[in-house]
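Visitor:
Residue numbers (the working numbering), protein chains in the order written: chain A, 46 to 277; chain B, 11 to 237.
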């Protein structure tokens, strides 16, 4: 399977994080997505540096840190991202998005920009040559499990094209209300990584292993069909 | 009145929160203290409403939520608290501290002020008739494990005296660097409630049960002497 799956750990609850992470690892998650909220860029507050340190101690999977904060540059040293981790921020939250991309990369991390539903692909025109990835929000930022916005997926292709024009292979993540109903649609529009929350991984009454298994099966089926169609 | 004890949950383990809460319940404490930070008012970020709601599900121990955020009143209603729980904010973080106290009370919660080490008591003199408790920060807020700032205990002494003058029997909490060897000094200054962090609750060497037992033993010794 080419598409990678990144469970969003904010949806895992706090009771038994160690146990949940073991389940995610065993179920074949590729990345752990970590939402950092400051109560300013988004209404909610969550997941600070100590929590992230615990994740690093408990899990070998790379972390995908998503800053939903104003002035994310101040949060970078606070979280001290480690080589191999992914770090993304909303470009409109900082005066100097290009500088921040380079700061992230200096740490040996992959640097990404997040496109909220209102931010057009064009906002990344000048950043594209230095972007490792984008995260397209497919819901209103910071409102988990809210209405899926299919049109946001149309921003993936133009950003990838901007990267290619500079010889840069930008990969795309989709974040927000992704589940069995829209996973294939996101992959068809160019998603390389699906971030999974309450609809795609942590589903009440369904175990993590069962849900991730179901998602993988359906994405694999789509990928095979697409390959077959391309061969014809 | 026995001194109240509040483990600071930011020092609990994120890996096995449920277990830590069980150990604390078994030892017996008065509140769980939850630090909420926004990365702006203080240079750290911790947890938010989801975490507090999780604690509410895990235990019946009353919660003491300490907001270290700018514009604290944006968050008051988000934590799913209930009667018996209480909430404090920093008057330094808002232009409308008096209104904020009222908003917390309107939710049926105890309303408190938390004061930074640099904030004088005169800054909150006019709020004293309306507070349910006051928390004196004995370190600069944001991180556990810092050394105690000595003049903050003098502030505790002056606050306790002023509250007596006003005939107000409200809790005076000390938050920051409460240790086995300064605990009595803090209580003698006038603290009625202690936040217990990495030294006196989540002590790596002793573990939660023995740490809390030791705190209680020290406090019993003092009560014995007073009697």
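Glycine included, every Cβ here is placed at the ideal spot set by N, Cα and C.
Measuring only the C-alpha atoms, how far is residue 198(B) from residue 58(A)?
Guide: Residue 198(B) sits at position 188 when you count from the first residue of the second chain. Residue 58(A) sits at position 13 when you count from the first residue of the first chain. Straight-line Cα distance between these residues: approximately 40 Å.
Visitor: Below 8 Å on the Cβ atoms is my guess for residue 122(B) versus residue 143(B); work out the distance and round it to an integer in Å.
Guide: Within the second chain, numbered from 1, the residue matching residue 122(B) stands at position 112. Within the second chain, numbered from 1, the residue matching residue 143(B) stands at position 133. Yes, residue 122(B) and residue 143(B) are in contact; Cβ-Cβ is about 4 Å, under 8 Å.
Visitor: Confirm, please, whether the CB-CB distance from residue 66(A) to residue 58(B) is below 7 Å.
Guide: For the purposes of this step, residue 58(B) is taken as residue 48 along the second chain, with counting starting at 1. For the purposes of this step, residue 66(A) is taken as residue 21 along the first chain, with counting starting at 1. No, these two residues do not count as a Cβ contact at 7 Å.
Visitor: Give the DSSP-derived three-state secondary structure of residue 85(A) in the structure shown.
Guide: The sequence position of residue 85(A) within the first chain is 40, counting from 1. Three-state DSSP puts residue 85(A) in coil, outside helix and strand.
Visitor: Since residue 207(A) contacts residue 169(A) with CB under 8 Å, what's their CB separation in whole angstroms?
Guide: Here residue 207(A) refers to the residue found at position 162 when the first chain is read from its first residue. Here residue 169(A) refers to the residue found at position 124 when the first chain is read from its first residue. 7 Å between Cβ atoms; contact.
Visitor: Tell me residue 78(B)'s beta-bridge partners as DSSP assigns them.
Guide: Counted from its first residue, the second chain places residue 78(B) at position 68. Paired residues: 47(B).
Visitor: Taking residue 81(A) as the query, report the chain B residues whose CB atoms sit under 9 Å from its CB, ordered along the chain.
Guide: Within the first chain, the letter at position 36 stands for residue 81(A). Residues of chain B passing the Cβ test: 49, 55.
Visitor: Determine, using beta carbons only, whether residue 37(A) and residue 242(A) come nearer to each other than 7 Å.
Guide: No answer is possible for residue 37(A): it lies beyond the span of chain A, which begins at 46 and ends at 277.
Visitor: Grouping DSSP H, G and I as helix and E and B as strand, with all else coil, what is residue 113(A)?
Guide: For the purposes of this step, residue 113(A) is taken as the residue at position 68 of the first chain. Residue 113(A): strand per DSSP, three-state reduction.
Visitor: Spell out whether any CB of chain B is found under 7 Å from the CB atom of residue 61(A).
Guide: As a working note, residue 61(A) is residue 16 in the first chain. Residue 61(A) counts as touching chain B.
Visitor: Within 10 Å of its beta-carbon, does residue 187(B) have 16 or more other beta-carbons around it, so buried, or fewer, so exposed?
Guide: As a first step, residue 187(B) must be located in the second chain, where it is residue number 177. Classification for residue 187(B): buried.
Visitor: If the cut is a Cβ gap below 8 Å, which residues of chain A does residue 97(B) touch?
Guide: For the purposes of this step, residue 97(B) is identified with residue 87 of the second chain, where counting begins at 1. In chain order: nothing, as chain A lies at least about 14 Å away.
Visitor: Short check: CB of residue 173(A) to CB of residue 157(A), under 7 Å?
Guide: Start at 1 with the first residue of the first chain, and residue 173(A) comes out as number 128. Start at 1 with the first residue of the first chain, and residue 157(A) comes out as number 112. No. Outside cutoff.
Visitor: Considering only DSSP beta bridges, list what residue 53(A) is partnered with.
Guide: Along the first chain, read from residue 1 onward, the residue named residue 53(A) stands at position 8. Bridge partners of residue 53(A): 78(A).
Visitor: The beta strand (DSSP E) that contains residue 133(A), what's its start and end?
Guide: Against the first chain, residue 133(A) aligns to sequence position 88. That run of the beta strand (DSSP E) goes 131-134.
Visitor: I'd like the list of long-range same chain contacts for residue 92(A), defined as Cβ closer than 8 Å, with 5 residues on each side in sequence excluded.
Guide: Position 47 of the first chain, counted from the first residue, corresponds to residue 92(A). Excluding sequence neighbours, residue 92(A) sits near 54, 55, 79, 80, 81, 82.
Visitor: Looking at the unbroken alpha helix (DSSP H) that takes in residue 242(A), where does it start and where does it end?
Guide: Here residue 242(A) refers to the residue found at position 197 of the first chain. No alpha helix (DSSP H) contains residue 242(A), which DSSP labels as neither H nor E.
Visitor: Below 8 Å CB to CB, which residues in the same chain sit around residue 63(A) once its five sequence neighbours on both sides are set aside?
Guide: Position 18 of the first chain, counted from the start, is the residue given in the question as residue 63(A). Hits under 8 Å: 103.
Visitor: At the level of alpha carbons, what is the spacing between residue 266(A) and residue 200(A)?
Guide: Reading the first chain from its first residue, position 221 is the one you call residue 266(A). Reading the first chain from its first residue, position 155 is the one you call residue 200(A). Looking at the two C-alpha atoms, the distance is approximately 24 Å.
Visitor: Could you round the C-beta distance between residue 120(A) and residue 97(A) to whole angstroms and report it? I think they count as a contact, below 8 Å.
Guide: Within the first chain, residue 120(A) is the residue found at index 75, counting from 1. Within the first chain, residue 97(A) is the residue found at index 52, counting from 1. The pair is not a contact, with the Cβ atoms about 11 Å apart (cut-off 8 Å).
Visitor: Could you check the C-alpha separation between residue 114(B) and residue 176(A) for me, to the nearest Å?
Guide: Looking up residue 114(B) in the second chain gives position 104. Looking up residue 176(A) in the first chain gives position 131. Computed Cα separation, rounded: 45 Å.
Visitor: Note down, one range per segment and in chain order, each alpha helix (DSSP H) of at least 4 residues found wholly within the segment 101-178 of chain B.
Guide: Runs of the alpha helix (DSSP H) inside the segment 101-178 of chain B: 107-116, 161-176.
Visitor: On a CA-only basis, which of 12(B), 14(B), 16(B), 21(B) is nearest residue 212(B)? Give me that one, please.
Guide: The residue you call residue 212(B) lines up with position 202 of the second chain. Closest option to residue 212(B), Cα to Cα, is 21(B).
Visitor: Is residue 95(B) helix, strand or coil when you go by DSSP?
Guide: The count along the second chain starts at 1 and reaches residue 95(B) at position 85. Residue 95(B) falls in the strand class under three-state DSSP.
Visitor: Anyone know if the C-beta pair for residue 263(B) and residue 207(B) falls short of 7 Å?
Guide: Shown here, chain B extends from 11 to 237; a query on residue 263(B) therefore has no answer.
Visitor: To the nearest whole angstrom, what separates the beta carbons of residue 118(A) and residue 139(A), a pair I think is in contact under 8 Å?
Guide: Counting from one through the first chain, the residue named residue 118(A) turns up at place 73. Counting from one through the first chain, the residue named residue 139(A) turns up at place 94. The Cβ separation is near 6 Å, so the contact holds.
Visitor: For residue 56(B), list the residues DSSP reports as bridge partners.
Guide: Taking the first residue of the second chain as position 1, residue 56(B) is located at position 46. Note: residue 56(B) sits in no beta bridge, so no partner.
Visitor: What residues of chain B sit near residue 93(A), judged by a beta carbon separation below 8 Å?
Guide: Within the first chain, numbered from 1, the residue matching residue 93(A) stands at position 48. Here the neighbours are 47, 49, 54, 55, 56, 57.
Visitor: Can you list, in chain order, the stretches of the alpha helix (DSSP H) that have 4 or more residues and sit fully within the segment 207-241 of chain A?
Guide: Those alpha helix (DSSP H) runs which fall completely within the segment 207-241 of chain A and span 4+ residues are 228-233.
Visitor: So residue 179(A) and residue 51(A) are in contact, right, with Cβ under 8 Å, and what is the actual spacing, rounded?
Guide: Within the first chain, residue 179(A) is the residue found at index 134, counting from 1. Within the first chain, residue 51(A) is the residue found at index 6, counting from 1. Between residue 51(A) and residue 179(A) the Cβ distance is about 14 Å, and since that is not below 8 Å, they are no contact.
Visitor: For residue 161(A), which option in 197(A), 256(A), 142(A), 48(A) has the closest C-alpha, if you only look at C-alpha atoms?
Guide: By 1-based counting over the first chain, the position of residue 161(A) is 116. Comparing Cα-Cα distances from residue 161(A) to each of 197(A), 256(A), 142(A), 48(A), the minimum goes to 197(A).
Visitor: Assuming residue 53(B) contacts residue 152(B) (C-beta within less than 8 Å), just tell me the rounded distance between them.
Guide: To locate residue 53(B), count along the second chain from 1; it is residue 43. To locate residue 152(B), count along the second chain from 1; it is residue 142. The Cβ separation is near 6 Å, so the contact holds.
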